[in-house]
Amino acid sequence: MSTRPLRRTPKQLEEEPVVFEAVPGKGGTAMRARPSPRTGAAPKRPGTTETGFTDDEARLLTPDEQASVDPLVRARARQIAARLSVPRPRTDSSSHRGVGDLASLPYRGGSDEIDLDASIEMLAERPVPDDEDIIVRERVRTRRSVVLAVDVSGSMKGERVQTAAATVGALAAELHRDALAVIAFWSNAAILLPLGQEVQPMDLLESMLRIPARGLTNVAFPLEIAAKQLERVPAREARVLLLSDCVHNAGPDPRPYAARLPRLDVLLDISGEKDIELGRELARLGHGSLHLMRSHRDVAPALSELFRS
Numbered sequence: 088m089s090t091r092p093l094r095r096t097p098k099q100l101e102e103e104p105v106v107f108e109a110v111p112g113k114g115g116t117a118m119r120a121r122p123s124p125r126t127g128a129a130p131k132r133p134g135t136t137e138t139g140f141t142d143d144e145a146r147l148l149t150p151d152e153q154a155s156v157d158p159l160v161r162a163r164a165r166q167i168a169a170r171l172s173v174p175r176p177r178t179d180s181s182s183h184r185g186v187g188d189l190a191s192l193p194y195r196g197g198s199d200e201i202d203l204d205a206s207i208e209m210l211a212e213r214p215v216p217d218d219e220d221i222i223v224r225e226r227v228r229t230r231r232s233v234v235l236a237v238d239v240s241g242s243m244k245g246e247r248v249q250t251a252a253a254t255v256g257a258l259a260a261e262l263h264r265d266a267l268a269v270i271a272f273w274s275n276a277a278i279l280l281p282l283g284q285e286v287q288p289m290d291l292l293e294s295m296l297r298i299p300a301r302g303l304t305n306v307a308f309p310l311e312i313a314a315k316q317l318e319r320v321p322a323r324e325a326r327v328l329l330l331s332d333c334v335h336n337a338g339p340d341p342r343p344y345a346a347r348l349p350r351l352d353v354l355l356d357i358s359g360e361k362d363i364e365l366g367r368e369l370a371r372l373g374h375g376s377l378h379l380m381r382s383h384r385d386v387a388p389a390l391s392e393l394f395r396s
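Rendered as structure tokens:
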């Protein structure tokens with residue numbers, strides 16, 4: 088009677104003892120580690136950031152609203168998010184950092200750029216024109232749709248929570264007139280805010296803090312979920328922000344998922360373990376940009392820069 092091998096979990100694979108085999112060497116027989124069954128390469132050495140792909144299926148879960156939060160962590164995170172979550176005033180109501188297309192519209196006091204050709208045609212029909220018969224060029228603002236994917240895996244503990252808090256606060260300010268979705272991910276994922284729902288920064292932050300930082304990192308799964316959130320949004324109005332150390336070690340290769348997005352910008356936390364090469368590749372394939380985050384103080388400048396592009 089034959090037996091089928093049991094499928095091992097990523098944790099079991101990580102805890103397996105390294106098996107060596109004898110190979111010929113210049114000075115005689117040498118011992119070499121056998122390829123890891125998880126990645127097809129040598130087993131990951133402690134402290135390295137080698138990428139690993141697995142065939143483990145991720146699940147979309149519901150956040151546990153009853154989970155406890157360290158009061159000191161909550162207080163510091165809320166302080167950072169609150170400082171950044173106040174919407175900034177617009178100095179020019181006719182434009183929004185280059186977002187939107189120029190259109191010819193009746194004058195309503197919001198523009199001083201006249202569309203001469205259209206205005207002449209209108210005046211030919213109305214020799215005594217009203218103000219609205221003057222046609223002006225005005226930038227019509229589009230409603231942006233942004234999905235934030237936040238890494239809450241085991242490697243994103245400690246001070247990195249503050250970077251996540253700063254990102255939530257800064258996006259709440261930047262997108263207070265737009266549509267925002269937030270996905271927390273580890274080896275699985277949870278949608279904390281579906282696209283288009285009203286943003287309550289402190290409530291959103293609280294939901295994020297209730298997810299314990301644990302498990303492996305599956306970058307592909309949140310990118311797949313983000314694509315579904317944006318599937319009915321015009322490509323020019325849609326983008327995804329990935330906040331992670333990009334140490335992908337669970338699930339399939341995330342690069343094909345990045346290439347399917349209208350735009351992917353990567354906020355890569357480099358305060359600890361990180362994979363800058365993968366982060367750069369994801370941003371390139373996603374037609375976006377890579378921003379390195381050393382602390383929560385780097386978040387607001389990075390978001391200001393990428394929303395100008």
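End of the sequence shown sits at 396 in the working numbering; the numbers just go up one at a time, nothing left out.
Don't be surprised by glycine CBs; every beta carbon is placed ideally from N, CA and C.
Alpha-carbon to alpha-carbon, Trp273 and Leu393: 25 Å
For Ala346 and Leu372, believed in contact at Cβ under 8 Å, the rounded distance: 4 Å
DSSP three-state assignment for Ala266, whether helix, strand or coil: strand
Alpha-carbon spacing of Ser376 relative to Asp157, whole angstroms: 34 Å
Which of helix, strand or coil DSSP assigns to Phe272: strand
Alpha-carbon spacing of Arg326 relative to Ala257, whole angstroms: 16 Å
Validate contact between the region 162 to 175 and the region 349 to 358 using beta carbons, cut 8 Å, 3 pairs: no
Backbone secondary structure at Leu303 - three-state DSSP: coil
DSSP-derived helix/strand/coil call for Pro388: helix
Supposed close pair Gln281, Ala259 - CB separation, criterion 8 Å: It should be pointed out that residue 281 corresponds to Pro in this sequence rather than to Gln. Going by Cβ atoms, the distance from Pro281 to Ala259 rounds to 15 Å, so no, they are not a contact pair.
According to DSSP, residues forming a beta bridge with Asp238: Phe272
Cut-off 6 Å between Cβ atoms - residues of its own chain near Ala399, not counting five sequence neighbours on either side: Because residue 399 is not part of the residues shown, which for the chain are 88 to 396, the question remains open.
Asp290 burial status per 10 Å Cβ neighbour count (16 or more: buried): exposed
Continuous beta strand (DSSP E) stretch holding Ala325: start and end: Ala325 to Ser331
Beta-carbon proximity list for Val266, same chain, < 6 Å, skipping 5 on both sides: At residue 266 the sequence reads Ala, which differs from the Val that was named. These residues qualify, in order along the chain: Ser232, Leu282 and Gly283.
Three-state secondary structure assigned by DSSP to Ser294: helix
Same chain, Cβ closer than 8 Å to Glu324, neighbours up to 5 away in sequence not counted: Thr229, Arg230, Arg231 and Ser232
With 16 other Cβ atoms within 10 Å as the buried cut-off, status of Pro321: exposed
Simplified DSSP assignment, three categories, for Gly383: The question names Gly, but residue 383 is His in the sequence shown. Of the three classes helix, strand and coil, the one that applies to His383 here is helix, per DSSP.
Residue environment, Val234, which counts as buried when at least 16 other CB atoms sit within 10 Å: buried
Rounded C-alpha distance that separates Met380 from Asp352: 13 Å
Other residues of its chain near Arg367: CB distance less than 7 Å, five sequence neighbours each side excluded: Leu377
Minimum C-alpha distance to Val160 - residue among Val334, Leu365, Leu330 and Pro299: Pro299
Beta carbon of Val255 nearer than 7 Å to that of Leu292: yes
Three-state secondary structure assigned by DSSP to Ile357: coil
Where Val156 falls: helix, strand or coil (DSSP): coil
First and last residue of the uninterrupted alpha helix (DSSP H) at Arg343: For the record, residue 343 in the displayed sequence is Pro; it is not Arg. Looking at the DSSP string, the run of the alpha helix (DSSP H) that includes Pro343 is Arg342 to Ala346.
Residues bridged to Leu148 [DSSP beta-bridge criterion]: Ala277
With 16 other Cβ atoms within 10 Å as the buried cut-off, status of Ser242: buried
Contacts around Ala145, its chain only, beta-carbon distance under 6 Å, and the 5 residues preceding and following it disregarded: Asn275, Asn305, Phe308 and Gly338
Buried versus exposed call for Val269 [16 or more other C-beta atoms within 10 Å across all chains shown]: buried
For Glu246, the first and last residue of its enclosing alpha helix (DSSP H): Per DSSP, Glu246 belongs to no alpha helix (DSSP H) and is neither H nor E.
Buried versus exposed, by CB contacts within 10 Å (16 or more), Glu311: buried
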